[in-house]
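Reviewing the structure listed below.
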Amino acid sequence: MKQITDFKLIEKQDYGNVSWLKLQSESDLPAILPGQFVEVRVDGSPKTYLRRPISIHDVDAENRCIELLVAKVGEGSTTLTMLPIGATVNLVLPLGNGFTYPEKGEEVLLVGGGVGIAPMLYFAKMLKMKGFEPALLLGGKTEKNLMRLDEYRRWGATFVTTEDGSMGEKGFVTQHSIWSDKTFDKVYVCGPKPMMKAVFAVTKENDIWCEVSLENMMACGLGACLCCVEKTVEGNTCVCKEGPVFNTRRLLW
Amino acid sequence: MVNTKIDLGKGLVLRNPVMTASGTFGYGEEYTDFVDMAQLGGIIVKGTTLHPREGNPYPRMAETPSGMLNCVGLQNKGVEYFINTIYPRIKDFDTNVILNLSGSTIEDYVSAAEMINELDKIPAIELNVSCPNVRQGGMAFGVTCSGISQVVAEVRKAYHKHLMVKLSPNVTNIAEIAQAAEASGADSVSLINTLLGMAIDAEKRKPILSMVTGGMSGACVKPVALRCVWQVSKAVKIPVVGLGGISNATDAVEFMLAGASAIEIGTANFIDPAISAKVAAGITDYCERHGFEKATDLIGALEA
């Protein structure tokens with residue numbers, strides 16, 4: 004069930020253009036699926052009227068905490084990254100559909116680009132807990148764009164690319180050697196659209212099942228305003244409600 | 022105990038003055054985790070047309086200070102789909118379920134209205150003659166007295182329950198348009214629909230919206246809406262339903278003082294999905310604080 008809840012910002016860490024926020028609720032969290040997102044109300048920013056949709060980076064149900072990675076894109080998101088510890092943060096959650104779990108025994112690769120690495124942490128953790136051995140492939144422009152890698156490594160073998168070669172293999176995620184070294188049954192992708200399309204092209208060529216997480220501009224997050232639509236085989240479809248995760252077979256890419 | 026009941030006439034009785042505006046509350050189903058329908062006077066569901074519409078291309082929205090622009094373009098699956106698939110799911114909501122009807126020809130409006138007339142649990146149509154986002158989305162009808170007279174008169178013949186006509190603010194004299202709707206058989210008017218606006222990305226030297234222009238809504242339009250409600254309520258005898266930027270109970274009370282018999286909550290549903298029920302409770306609080314026994318006492322009570 005969806006809820007509107009006040010959280011408290013209890014911990015934060017800045018990583019250049021991205022901030023990691025840990026938020027705690029006084030009440031128990033609803034069940035949250037990997038790949039779902041929250042709509043954050045941005046207080047104290049006169050130009051920011053609408054909530055901001057942000058991926059859920061990690062969940063600690065026992066301590067009633069959720070974690071977010073927030074990139075400073077505009078005034079709204081920048082305001083969120085500047086909140087002091089102890090600030091109240093109002094969230095609508097959980098929203099969207101989440102990733103589809105693989106079948107038993109399948110080999111899976113989670114691919115994240117830039118701040119799009121965010122949902123892959125919670126997904127990797129849940130996969131590991133369900134007995135899978137996920138591999139992670141995370142890409143950034145430079146090493147500064149890649150953060151919290153030790154967290155990712157707890158849940159699966161983690162591979163890295165950077166465009167400038169400052170960490171891991173140099174190049175784009177699609178150029179990483181893992182694609183030739185290993186075979187995968189399912190690939191999950193979150194990142195900038197050109198990057199997701201490039202990974203999709205690789206999976207298509209190799210006939211691999213693929214899900215991508217889209218981030219179209221949205222208002223309500225509930226499937227009411229119909230602003231965030233993506234063209235799919237079923238026509239214009241709300242990313243907030245029918246997505247954000249789509250099987251690439253449904254997309255007209 | 023405040024009596025919050027509002028009778029808009031012709032069988033449309035609201036338990037309180039608060040409804041949710043079309044296009045901002047889905048079919049109600051999207052909001053059942055946040056709002057108990059029994060706390061609302063009514064919900065006005067998504068704009069529906071006779072035939073399915075894909076709507077306009079993405080991007081369909083742009084944020085503005087204290088508001089937003091949209092150019093969704095009446096995406097919907099058509100009236101038949103509504104009747105067969107949506108209606109059975111929502112007809113037993115414990116509130117008035119009102120359908121917002123749009124069209125591009127008078128024949129389309131009339132055909133759809135005839136079909137909706139047969140639905141027992143839909144007590145009213147809100148006739149959308151004011152969508153700014155499609156070339157023939159009705160706004161062509163809604164911006165002239167002759168246009169609105171024609172479409173309202175024809176739908177009136179086909180539809181025998183409460184007919185609410187939603188007015189555009191993008192006109193020179195909204196009071197005259199409202200009078201034309203009244204004279205042609207409208208049972209009430211609701212206003213305002215969105216204000217035509219535009220947003221530009223200077224860095225890219227491109228419009229932000231796929232259709233270049235779009236409808237502006239949200240807190241920023243409230244003063245315009247309030248002025249329109251005040252002007253119209255002085256010009257017509259039928260009830261006026263006020264909307265445009267209502268974000269809290271105080272806003273709602275202001276619309277009623279300006280002459281609205283009921284109000285609709287629109288874009289504020291996106292920021293606080295539970296806002297509609299809070300506004301309903303807040304109107305009761307206001308009445309108690311100011312010694313009004315009935316919500317109807319607020320209507321047009323502006324001391325000017």
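One line per chain: the protein sequences are A and B, in this order. Numbered per this note's numbering, the first sequence spans residues 4 to 256. Numbered per this note's numbering, the second sequence spans residues 22 to 325. Idealized CB from N, CA, C, for every residue including glycine.
Legend entry - Own chain partners of glycine 79 of chain A with C-beta closer than 7 angstroms, once the 5 adjacent residues on each side are dropped: Val45, Ser48, Thr51 and Arg55
Legend entry - According to DSSP, residues forming a beta bridge with serine 58 of chain A: A/Phe40
Legend entry - Endpoints, the alpha helix (DSSP H) within which asparagine 138 of chain B is located: 127-138
Inset, instruction - Could you have a look at proline 50 of chain B and say whether DSSP puts it in helix, strand or coil? - result: The sequence shown places glutamate at residue 50 of chain B, not proline. Three-state result, glutamate 50 of chain B: helix.
Inset, instruction - State the DSSP-derived secondary structure class of glutamate 101 of chain B, mapped to helix, strand or coil. - result: helix
Inset, instruction - Compare the C-beta of glutamine 60 of chain B with all C-beta atoms of chain A and state if any pair is closer than 7 angstroms. - result: no
Legend entry - Proximity to tyrosine 155 of chain A [Cα-Cα], best of A/Gly174, A/Arg252, A/Ala121 and A/Thr164: A/Ala121
Inset, instruction - Select from B/Gly99, B/Asn37, B/Tyr79 and B/Ala134 the residue whose C-alpha is nearest the C-alpha of lysine 67 of chain B. - result: B/Gly99
Inset, instruction - To the nearest angstrom, report how far apart isoleucine 181 of chain A and methionine 198 of chain A are at their CA atoms. - result: 17 angstroms
Inset, instruction - Compute the distance between the beta-carbons of leucine 333 of chain B and glycine 218 of chain B, then report whether it is under 7 angstroms. - result: Nothing in the structure corresponds to residue 333 of chain B, since chain B is present only between 22 and 325.
Inset, instruction - Taking glutamate 75 of chain B as the query, report the chain A residues whose CB atoms sit under 7 angstroms from its CB, ordered along the chain. - result: Gly238 and Asn239
Legend entry - Beta carbon proximity, valine 232 of chain A to chain B, threshold 7 angstroms: yes
Legend entry - Cβ of leucine 53 of chain A within 7 angstroms of any chain B Cβ: yes
Inset, instruction - Confirm, please, whether the CB-CB distance from asparagine 24 of chain B to lysine 299 of chain B is below 7 angstroms. - result: no
Inset, instruction - Could you have a look at leucine 149 of chain B and say whether DSSP puts it in helix, strand or coil? - result: Before going further, note that residue 149 of chain B is asparagine rather than leucine in the sequence given. In the structure shown, asparagine 149 of chain B sits in a strand (DSSP, three-state: E or B).
Inset, instruction - Determine, using beta carbons only, whether glycine 263 of chain B comes closer than 7 angstroms to chain A. - result: no
Inset, instruction - Step through the CB atoms of chain B and report whether any lies within less than 7 angstroms of the CB of lysine 50 of chain A. - result: yes
Inset, instruction - Please work out which residues of its chain come closer than 7 angstroms, Cβ to Cβ, to leucine 140 of chain B, disregarding the five sequence neighbours upstream and downstream, and give them in chain order. - result: Ile104 and Tyr108
Legend entry - As assigned by DSSP and simplified to three states, the class of serine 48 of chain A: coil
Legend entry - Beta-carbon proximity of glycine 280 of chain B to valine 261 of chain B, cut-off 7 angstroms: yes
Legend entry - Where aspartate 28 of chain B falls: helix, strand or coil (DSSP): strand
Legend entry - Supposed close pair cysteine 231 of chain A, phenylalanine 291 of chain B - CB separation, criterion 8 angstroms: Rounded, the Cβ-Cβ distance is 12 angstroms, inconsistent with contact.
Inset, instruction - Taking only beta carbons into account, state which residues of the stretch 233-250 of chain B come closer than 9 angstroms to chain A, listed in chain order. - result: Gly239, Ala240 and Cys241
Legend entry - When B/Val164, B/Asp208, B/Asp57 and B/Tyr102 are compared against isoleucine 198 of chain B, the one with the closest alpha-carbon: B/Val164
Inset, instruction - Could you tell me the distance, in whole angstroms, from the CA atom of isoleucine 320 of chain B to the CA atom of glycine 263 of chain B? - result: 11 angstroms
Legend entry - Min CB distance tyrosine 79 of chain B to chain A below 7 angstroms: yes
Inset, instruction - With 7 angstroms as the threshold, decide whether the Cβ of glutamine 96 of chain B is near any Cβ in chain A. - result: yes
Inset, instruction - Indicate whether valine 192 of chain B and alanine 202 of chain B have their beta-carbon atoms separated by less than 7 angstroms. - result: no
Legend entry - Beta-carbon proximity list for glutamate 166 of chain A, same chain, < 6 angstroms, skipping 5 on both sides: Lys144
Legend entry - Boundaries (first-last residue) of the beta strand (DSSP E) holding glutamate 208 of chain A: First-last for glutamate 208 of chain A: 196-208, but that is the alpha helix (DSSP H), not the beta strand (DSSP E).
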